[in-house]
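**Student:** For the sequence shown, this note's numbering gives the first residue as 2, with consecutive numbering after it. The C-beta atom is built at its ideal place from N, Cα and C for all residues, glycine as well. The structure follows.
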Amino acid sequence: MKLRRIDEDLWELPAEGGMKVPGRIYAAGPPAPDDPSLQQVANVAHLPGILRFSLAMPDYHWGYGFPIGGVAAVDPEIGAISPGGVGYDINCGVRVVTTALHEEELRPRLRQVVAQLFRDVPTGVGASRAIPALADDELDGVLAGGARWAAARGFAAAPDDPSRCEEGGRLPQADPAAVSDRARARGRDQLGTLGSGNHFLELDRVAEIYAPDAAAAFGLLPGAVAIQIHSGSRGLGYQVCDESLAALTPRMRDFGPDYAALPDPQLACAPVRSDAGRRYLAAMQAAANFAFANRQVMTGLAVRALCRSLGLSEGELGARVLYDVCHNVAKLETHAVDGAPREVLVHRKGATRAFGPGDPRVPAPYRAVGQPVLIPGDMGRYSYVLAGTDRAMRDTFGSSCHGAGRLLSRGQALKLARGRSIDRELAARGIEVLSRGRKTLGEEMSEAYKDVAQVVAVMHRAGLSRLVARLEPLGVIKG
Ligand code: 5GP
Ligand code: MN
Ligand code: MN
């Protein structure tokens with residue numbers, strides 16, 4: 002594929018054939034031309050109504066239809082919404098909760114604290130229950146209310162948690178009635194559960210501050226302990242995605258020639274304003290609210306576990322949500338296109354919103370410095386907090402990367418881990434890790450992931466987000 006370098010860390014795929022816009026890839030060096038995810042960037046550029054570019058963030062890699070790390074905004078009046086542009090784990094996302102605890106207060110009790118978290122926050126594929134299986138009317142409340150539903154039931158670090166989440170912890174156009182019985186059945190006993198594999202709940206220390214102004218606004222102090230949670234909509238979101246793909250895939254011809262001509266069946270999509278498009282959007286937003294509620298419930302569980310194991314009151318722990326980002330979602334947002342603000346539908350699939358300073362959609366305490374951008378790395382090295390920028394608003398519909406991205410497949414990682422004891426290796430470096438899955442630690446070890454420092458360095462150099470702080474793991478629970 003023909004790639005043109007247009008800036009230090011930015012590469013362009015010219016619009017060719019049926020591509021409606023060029024592709025733009027953020028990467029530290031030239032993208033490998035035979036990487037199949039580059040073809041996916043070009044494929045996404047065929048999407049009806051796509052605006053400006055098919056974008057890939059520096060953690061991009063192959064995904065279902067869209068690359069993970071892909072961003073595509075469409076004109077909702079003439080454009081398409083694609084479940085593959087959101088991903089199977091609808092509103093998979095990350096939240097960071099700050100505390101008043103210092104790492105030196107935690108260290109002597111670290112083992113017990115991690116063990117308590119592991120007992121209290123259900124992990125793994127199955128559903129041990131943080132809260133009993135929800136009846137349909139309660140589940141409707143979750144699907145409509147998101148983080149607010151959970152906070153109102155006392156699962157919270159502080160009462161104002163939801164106001165410090167992306168979209169206030171709730172997508173307002175969710176329709177619980179659009180979520181099928183099968184999806185409900187899968188979700189009703191999974192609220193407040195972490196899930197498996199890449200999902201985690203971590204205790205981090207604030208290891209280094211790069212931008213004192215933003216760190217102060219975010220409440221990040223050197224040496225303080227923070228809780229980081231990565232999880233999504235569990236079986237409920239997966240089922241919503243699966244059912245919409247099954248419904249849309251055979252219908253591409255019905256939607257017109259642009260749809261029939263899409264180069265990959267995994268790009269199955271529907272006009273945003275069609276019945277099928279509306280139905281997916283309504284169900285997807287409900288699943289997104291389930292994910293917000295899920296992270297909010299686990300926030301409450303984690304706060305209680307920390308208080309219990311450390312003998313602290315909630316006031317003494319001083320926990321507060323810093324922010325909560327969605328990294329698998331499609332949202333109607335207003336952006337400047339050709340100089341004028343208009344509503345667009347932004348798909349972010351393994352990409353994080355990164356709104357700049359002054360934007361009214363950034364919570365008031367952070368508005369002067371930009372939206373917190375939460376980027377996990379891996380369980381053995383570090384994660385980063387960044388802040389959104391004006392440049393992101395201009396160039397990427399206010400978007401940034403979402404993680405390190407895998408370097409090794411699960412199989413390759415397991416091979417490399419054979420004969421090693423990953424938890425003991427981590428413990429030797431002061432990191433306590435507990436996992437339910439027997440294979441998880443091998444699949445998820447640091448070597449399985451790219452170095453996230455290099456990924457966020459591209460974001461910083463390209464000006465799409467600026468570095469605020471580095472977090473380093475002290476304790477981790479994995480699914
Ligand atoms: P996802 O799996 O949602 O696409 O990506 C989330 C990102 O989380 C991965 O790219 C990886 O960088 C990061 N990650 C996975 N496991 C862990 C972990 O245990 N701790 C931390 N801090 N990051 C992780
Ligand atoms: Mn995720
Ligand atoms: Mn996920």
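Scan the region 413 to 468 and note each continuous beta strand (DSSP E) run of 3 residues or more that stays entirely inside, going in chain order.
**Tutor:** Segments of the beta strand (DSSP E) lying fully in the region 413 to 468: 433 to 436.
**Student:** Sorry if obvious, but does the Cβ on residue 339 come closer than 8 Å to a heavy atom of ligand 2?
**Tutor:** Not under cutoff, so the answer is no.
**Student:** For the region 380 to 390 and the region 425 to 440, state whether three or more C-beta atom pairs, one from each stretch, are separated by less than 8 Å.
**Tutor:** Taking 8 Å as the limit for Cβ pairs, the verdict is that the region 425 to 440 does touch the region 380 to 390.
**Student:** Using the Cα positions of residue 192 and residue 290, report the straight-line distance between them to the nearest angstrom.
**Tutor:** C-alpha separation (whole angstroms): 11 Å.
**Student:** I'd like to know whether the C-beta atoms of residue 167 and residue 325 end up nearer to each other than 9 Å.
**Tutor:** In this structure, residue 325 lies closer than 9 Å to residue 167 by Cβ.
**Student:** Can you give the Cα-Cα distance for residue 134 and residue 39, rounded to whole angstroms?
**Tutor:** Computed Cα separation, rounded: 43 Å.
**Student:** Give a yes or no on whether the C-beta atoms belonging to residue 77 and residue 448 are separated by under 9 Å.
**Tutor:** Contact: no.
**Student:** Roughly how many angstroms separate the alpha carbons of residue 147 and residue 234, rounded to a whole number?
**Tutor:** Taking the straight line joining both Cα atoms gives about 11 Å.
**Student:** Just to confirm the assignment: which complete alpha helix (DSSP H) runs, minimum length 4, are found wholly within the region 92 to 122?
**Tutor:** Runs found: 104 to 107, 111 to 121.
**Student:** Does the separation of the CB atoms of residue 195 and residue 440 fall below 9 Å?
**Tutor:** No, they are not a contact pair.
**Student:** Where are the alpha helix (DSSP H) runs, 4 residues long or more, that stay fully inside the region 184 to 259, in chain order?
**Tutor:** Whole alpha helix (DSSP H) segments, 4+ residues: 213 to 219, 235 to 249.
**Student:** Could you tell me whether the region 293 to 305 touches the region 136 to 153, where touching means 3 or more Cβ pairs closer than 8 Å?
**Tutor:** Enough Cβ pairs lie closer than 8 Å, so yes.
**Student:** Label residue 410 either buried or exposed according to how many other C-beta atoms from any shown protein chain fall within 10 Å of its C-beta, with 16 as the threshold for buried.
**Tutor:** With fewer than 16 Cβ atoms within 10 Å of its Cβ, residue 410 is classed as exposed.
**Student:** Please tell me whether, using a cut-off of 8 Å, the distance from the CB of residue 260 to the nearest non-hydrogen atom of ligand 1 is below it.
**Tutor:** Not so, every heavy atom of ligand 1 lies at least 8 Å from the Cβ.
**Student:** Which same chain residues, not among the five before or five after residue 342, have their C-beta less than 6 Å away from its C-beta?
**Tutor:** Contacts found: 335.
**Student:** Residue 90: beta carbon under 8 Å from a heavy atom of ligand 2?
**Tutor:** Correct: residue 90 has its Cβ closer than 8 Å to ligand 2.
**Student:** Say yes only if the C-beta of residue 93 is nearer than 8 Å to one or more non-hydrogen atoms of ligand 5, and no if none qualify.
**Tutor:** For the structure depicted, ligand 5 is absent and the ligand set comprises only ligand 1, ligand 2 and ligand 3.
**Student:** What residue from 228, 337, 202 has the CA that sits closest to residue 122's CA?
**Tutor:** Comparing Cα-Cα distances from residue 122 to each of 228, 337, 202, the minimum goes to 202.
**Student:** Can the beta-carbon of residue 356 be found less than 9 Å from the beta-carbon of residue 371?
**Tutor:** Taking 9 Å as the Cβ cut-off, residue 356 and residue 371 qualify as a contacting pair.
**Student:** Could you name the residues of the same chain whose beta carbon sits closer than 7 Å to that of residue 250, not counting the 5 residues immediately before and after it, in chain order?
**Tutor:** Hits under 7 Å: 266, 269.
**Student:** If you check the beta carbons only, do residue 390 and residue 366 fall under 9 Å apart?
**Tutor:** Cβ atoms of residue 390 and residue 366: not closer than 9 Å.
**Student:** May I ask you to check if the CB of residue 232 is nearer than 8 Å to at least one heavy atom of ligand 3?
**Tutor:** Indeed, a heavy atom of ligand 3 lies less than 8 Å from the Cβ.
**Student:** As a quick exercise: from 328, 477, 55, pick the residue whose alpha carbon is nearest that of residue 424.
**Tutor:** Of 328, 477, 55, the residue nearest in Cα terms is 477.
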